[in-house]
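Undergrad: One rule links them: number in our numbering = place in the sequence shown (from 1) + 234. Ideal Cβ placement from N, Cα and C applies to all residues, glycine included. These numbers come from a predicted model, not from an experiment.
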Amino acid sequence: MALKLVIGNKNYSTWSLRPWFFMKNLNVDFEEELVYLFEEDTNKQLAPYFSDSKVPVLVKGDLQVWDTLAIIETLTDMYPEKKGWPQDFRARAIARSASAEMHSSFNALRNALPMNLRKRFADYPINNEVQKDIDRIVSVWEYCHKNASTKGSWLMGDFSGVDAMYAPIVMRFKGYDVKLSGFAAEYCDWVANNPYMQEWVDAGLKETQVIQEDEV
Ligand SMILES: N[C@@H](CCC(=O)N[C@@H](CS)C(=O)NCC(=O)O)C(=O)O
């Protein structure tokens, strides 16, 4: 039975990008259903899903998995051969910690720098709270890189769930001209140049819907 991923606007929806990027990079076959958020018929379109009118949702037959981390964990259960998390126990624990921190933290950054692929700001003003989040993310990335169990340009060497979790952060850093150096700068270029990221961005840039809340 075909897998389906229900997502929101590619221009704005960071939570949708995460599992989409995960599935694409792991070569998981799926169809996508895109529901534009905050439109008149959004709630109606999301009514069949048990997700409180939110995206993403992974659908397999009568099974629905809502919430990004649960989707990544479920896909890793479904396709163990695709190695969605690092194989090494220690690296896996670190990747999961960084992923869980992304899921539960960085509210200042999330509020001040919403993902909006249409916008590119030069020297965007960054307040202290947002800078603290940026500094923490950079140190999490460096910690992952230092503890990677395989060689490669992703956070833990090979691609894994933690790269999917931080993919929208990369696009925020690019969009708001966040100044980075060393591994963080190289990592952002690596993710932004990933062909699936480029596919997502190209599609996002074709959208015309506007979510006022995410326009700074
Ligand atoms: N914690 C959830 C967050 C899901 C979420 O907030 N999704 C946003 C889109 S990025 C959404 O559906 N917003 C629509 C709404 O809040 O009505 C997850 O990890 O999937």
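(1) Which residue comes first and which comes last in the beta strand (DSSP E) that contains Leu297?
(2) Does the CB of Gln365 have a neighbour CB from chain D at under 8 Å?
(3) Assuming contact is defined by CB atoms lying nearer than 8 Å, are Leu292 and Leu251 in contact in what I supplied?
(4) Measuring only from the beta carbon, is Trp503 closer than 7 Å to any heavy atom that is part of ligand 1?
(5) Between His337, Arg352, Asp436 and Thr276, which has its C-alpha nearest Glu449's C-alpha?
(6) Roughly how many angstroms separate the alpha carbons of Met336 and Glu274, rounded to a whole number?
(7) Is Gly242 close to ligand 1? I mean its beta-carbon at under 7 Å from any heavy atom of the ligand.
(8) Over the uninterrupted alpha helix (DSSP H) stretch that includes Lys278, give me the two end residues.
(9) If you draw a straight line from the C-alpha of Glu266 to the C-alpha of Asn245, how long is it?
(10) According to DSSP, is Lys440 helix, strand or coil?
(11) Does the beta-carbon of Val450, which I'm using as the reference point, lie nearer than 7 Å to any heavy atom of ligand 1?
(12) Cα separation between Tyr270 and Asp301?
(13) Return the Cβ separation of Gly452 and Val299 in integer angstroms, given the expectation that the two are a contact with Cβ distance under 8 Å.
(14) State the start and end residues of the unbroken beta strand (DSSP E) segment that holds Leu292.
TA: Quick answer:
(1) For this step, residue 297 is matched to residue 63 along the sequence shown. That run of the beta strand (DSSP E) goes Leu297 to Trp300.
(2) The chain inventory of the structure shown lacks chain D, comprising one protein chain alone.
(3) Position 58 of the sequence shown, counted from the first residue, corresponds to residue 292. Position 17 of the sequence shown, counted from the first residue, corresponds to residue 251. No, the Cβ-Cβ distance between Leu292 and Leu251 is not below 8 Å.
(4) Residue numbering for the chain in the displayed model covers 235 to 450; residue 503 lies beyond these limits and cannot be assessed.
(5) Here residue 449 is taken as the residue at index 215 of the sequence shown, counted from 1. Answer by Cα proximity: Arg352.
(6) Within the sequence shown, numbered from 1, the residue matching residue 336 stands at position 102. Within the sequence shown, numbered from 1, the residue matching residue 274 stands at position 40. Near 30 Å, if we compare the C-alpha coordinates of Glu274 and Met336.
(7) Taking the first residue of the sequence shown as position 1, residue 242 is located at position 8. Indeed, a heavy atom of ligand 1 lies less than 7 Å from the Cβ.
(8) The residue given as residue 278 occupies position 44 in the sequence shown. That run of the alpha helix (DSSP H) goes Thr276 to Leu280.
(9) Reading the sequence shown from its first residue, position 32 is the one you call residue 266. Reading the sequence shown from its first residue, position 11 is the one you call residue 245. So the two alpha carbons sit approximately 15 Å from each other.
(10) As a working note, residue 440 is residue 206 in the sequence shown. Looking at Lys440 - three-state DSSP - the assignment turns out to be helix.
(11) As a working mapping, residue 450 is identified with position 216 in the sequence shown. Every heavy atom of ligand 1 is 7 Å or more from the Cβ of Val450, so no.
(12) Here residue 270 corresponds to residue number 36 of the sequence shown, with the count starting at 1. Here residue 301 corresponds to residue number 67 of the sequence shown, with the count starting at 1. If I take the Cα positions, the gap works out to 18 Å.
(13) Outside the shown range of the chain, which is 235 to 450, sits residue 452, and nothing can be said about it.
(14) What you label residue 292 is simply residue 58 of the sequence shown in a count that begins at 1. Residues Val291 to Lys294.
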